[in-house]
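As you go down the protein sequences, you meet chains A and B in turn.
Each residue of the first sequence is one higher than the one before, counting from 842 in this note's numbering.
Each residue of the second sequence is one higher than the one before, counting from 842 in this note's numbering.
Note that the Cβ used here is the ideal one computed from N, Cα and C, for glycine as well.
Number of protein chains: 2
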Amino acid sequence: MKEIVAGVDIGGTNTVFGLVDRAGKVIAESRFKTTDYPKINSFVTALVAGINKLLSGKKGYTFKGIGIGAPNANYHKGTIELAPNLAWKGIVPLADLIRKKINIPVVLTNDANAAAMGEMVFGGAKKMKDFIVLTLGTGLGSGIVINGQMVYGHTGFAGELGHTIIVPGGRDCGCGRQGCLETYASASGLVRTVLYLLSEMKEESILRNIPPAELTARKVAEAASKKDPVALEAFDFTAEKLAFGIFNAIGFSSPEAVFLFGGLANAGEILFEPVRKYVEMNVQPIFRGTVKILPSGIPESNAAVLGSAALIWNDL
Amino acid sequence: MKEIVAGVDIGGTNTVFGLVDRAGKVIAESRFKTTDYPKINSFVTALVAGINKLLSGKKGYTFKGIGIGAPNANYHKGTIELAPNLAWKGIVPLADLIRKKINIPVVLTNDANAAAMGEMVFGGAKKMKDFIVLTLGTGLGSGIVINGQMVYGHTGFAGELGHTIIVPGGRDCGCGRQGCLETYASASGLVRTVLYLLSEMKEESILRNIPPAELTARKVAEAASKKDPVALEAFDFTAEKLAFGIFNAIGFSSPEAVFLFGGLANAGEILFEPVRKYVEMNVQPIFRGTVKILPSGIPESNAAVLGSAALIWNDL
């Protein structure tokens, strides 16, 4: 019997889950709307039923466990705690609730940590013991691996590089503070930077014709690919801020590589090239030339499920 | 036969070494001037002779290994690399050189990592798996423990929190960059802050009567204990900057405690109280109330030898 696990990614809108073998092959995948289940018990019932349905179509496998990526997930406790984008309030003992329905190992962590596990088990960090994954979406998530182990810390919530303050007194952040890295180095940070630059620069720009509420990182990337001067400057500014977060993190854990993942990273060399430049320019001299800045080695379409599956494979 | 190790602390001026048992008792201790041995081979000869002399006076022990704390020490390679305050240039294979004289396990790391090992094995972090030690001397050194393991990173030089940039474009640092944490949060940073405040403030201060070249952190602490307004403000300013470095580090590894150690930490509550206040005020909400800011649990007189001894005990 071949062994198989389930990888689950719980997002504010969708929950995606799939069956994954040890080689990282997604055997089957399905999804439903997280928002259809405002009560946690009905969510758990739906999730277990969904996994069982996938399993019933695949004979010849031994089912070994469930790995889950979810916002505000606590690895130590198997809980989701005070997640602002989910309907379930308070501290949700998700791992316990699932184990009551299906007696099998269940582990969970946040989505950035799951992405890092995916990178280590199936992606570009297979042979690395020390690396960092930054997920550049609406916010900036991070998963940190040191000595081959995910860093969860005393609370289970370690790895919040998005909330490193890099500009004292800087931009308002959703965490209630100012100047956090993610207010600059994320898809939404890039959009904020465009608005700032439109106020600072006098150059013509196609971005002046888009209502701010409709601006997206993708539109900025498209403008940059057409050499729009504001869009180009916005990527340079964003790269400099992201590099700031990266070189301070390098001084902490001296990783072999930093992987950039998610929406903003899809912009490619227009982001990577200046990030590499600013990291090398500004990193402490002892670390110059020691850190690779890389795109993720995981296909983005499967990343969430593969990362969560990697989490449980790594624990088994 | 009771087991025993040697702990060695190599400083720019003095080399201190002692024999330490598993309980952390210093059985014998000696020292010589590092500067008396500008050639590494003669230094190694003197060190091994010194340890053998201590051992010859203590019968009934089995000698198990040597732990060394030294500037720019690389744990992975057993080398001292490009240390600006030592006479030995280039990359010095110290562990290998010692093992050629005395066939025994030899490990080395930098002094801040050794301090953290001392805290874990013999001090206030005995039951902790995640903590950080900051040594506040001329510079700011740091030793980081995650999952019960020292963080060395891919290069072996991880844990350089003193060179986290906290003020972009700020004070000139010895590393060639600007605004590093140690230019504010260290004994010399405190003195720089006094000079800055003497320019900013109009209040009377006994510190106005001391030539800047003769100002020390101790003199500032003495002035603060007499309620000197500039000295008090200098400690508050220093604490705020140190807190900045600490709360960003908390977001990285979510430690159970941060230990403050060395010259500046001896100022006691005049430093600790505002550091705790500024950390709680500014740390990401999810980590509020989760981190203790503590003085070291190791007596400072023995700290260097105990830390180095802890390093080898932990490896054995």
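- The Cβ atoms of I943 (chain A) and V857 (chain A) lie no closer than 9 Å to each other.
- The beta carbon of A1065 (chain B) is closer than 7 Å to those of A1072, L1073, F1076 and I1111 in its chain, skipping five residues each way along the sequence.
- When only Cα atoms are considered, L1147 (chain B) and G898 (chain B) end up about 20 Å apart.
- Taken in chain order, the unbroken stretches of beta strand (DSSP E) that lie wholly in the region 861-924 of chain A and span 3 residues or more are 867-874, 902-910 and 920-922.
- Taking 9 Å as the threshold, the shortest C-beta distance from T996 (chain B) to chain A falls below it.
- With contacts defined as CB atoms closer than 9 Å, I1134 (chain B) and F1093 (chain A) fail to qualify as a contacting pair.
- One thing to note: F1102 (chain A) has its Cβ no nearer than 9 Å to the Cβ of L1022 (chain A).
- Linking A953 (chain A) to L975 (chain A) through their CA atoms gives a straight-line distance of about 7 Å.
- Interface residue (Cβ-Cβ distance to chain B less than 9 Å): A924 (chain A) is not classified as such.
- Listed along chain B, no residue sits closer than 9 Å to G1030 (chain A) by beta-carbon distance, the nearest being about 16 Å off.
- Identification of chain A residues near N1123 (chain B) by a Cβ-Cβ cut-off of 9 Å yields I1006 and R1018, ordered along the chain.
- When CB distances to chain B are screened at a threshold of 9 Å, the residues of the region 1071-1094 of chain A falling below it are F1085, F1088, N1089, A1090, I1091, G1092, F1093 and S1094, in chain order.
- L1002 (chain B) belongs to the set of residues whose beta carbon lies under 9 Å from a beta carbon in chain A.
- Residues of the region 1128-1139 of chain A whose Cβ lies closer than 7 Å to any Cβ of chain B, in chain order: F1128 and T1131.
- Sorting B:N913, B:A1080 and B:A1058 by C-alpha distance to the C-alpha of I1127 (chain A) places B:N913 at the top.
- One thing to note: Y878 (chain B) has its Cβ within 9 Å of the Cβ of A887 (chain B).
- Fully contained in the region 944-993 of chain A are the following alpha helix (DSSP H) runs of length 4 or more, in chain order: 952-963.
- Interface criterion met: the Cβ of N988 (chain B) is under 9 Å from a Cβ in chain A.
- Nearest CB-CB separation between D1156 (chain A) and chain B: not below the 9 Å threshold.
- Note on geometry: alpha-carbon atoms of L1039 (chain A) and A1080 (chain A) lie some 18 Å from one another.
- Annotated as proximal: L1152 (chain A) and L949 (chain A), with beta-carbon spacing under 9 Å.
- Not one beta carbon of chain A lies nearer than 9 Å to the beta carbon of V962 (chain B).
- A direct Cα-Cα distance of roughly 15 Å separates G901 (chain B) from A847 (chain B).
- Taking 9 Å as the cut-off, the beta carbon of V933 (chain A) is found closer than this to the beta carbon of I881 (chain A).
- Around the C-beta of R1018 (chain A), 16 or more other C-beta atoms lie within 10 Å, and the residue is accordingly described as buried.
- Of all alpha-carbon atoms in B:A957, B:Q990 and B:F873, the one lying nearest the alpha-carbon of A1145 (chain B) is that of B:A957.
- In this structure, V947 (chain A) sits near G908 (chain A), with a CB-CB distance shorter than 9 Å.
- Taking the C-beta atoms as reference points, G1010 (chain B) is found nearer than 9 Å to G1020 (chain B).
- Residues of the same chain with a CB within less than 8 Å of the CB of V1061 (chain B), apart from the 5 flanking positions on each side, are L1031, V1032, V1035, L1048, A1072, A1075 and F1076 in chain order.
- The straight-line gap separating the alpha-carbon atoms of R1129 (chain A) and E1097 (chain A) is approximately 12 Å.
- Going by DSSP, L938 (chain A) is part of the alpha helix (DSSP H) stretching over L935 to K942.
- Secondary structure note for A1098 (chain A): its beta strand (DSSP E) is the uninterrupted segment A1098 to F1102.
- Residue burial is scored here from C-beta neighbours: N1123 (chain B) has at least 16 other C-beta atoms within 10 angstroms and is therefore classed as buried.
- Taking CB atoms only, M969 (chain A) has a neighbour in chain B less than 9 Å away.
- An exposed status is given to E1141 (chain B), since fewer than 16 other beta-carbon atoms sit within 10 Å of its beta-carbon.
- Assignment of beta strand (DSSP E) within the region 1067-1144 of chain A, counting only whole runs of 3 or more residues, yields 1098-1102 and 1133-1136 in chain order.
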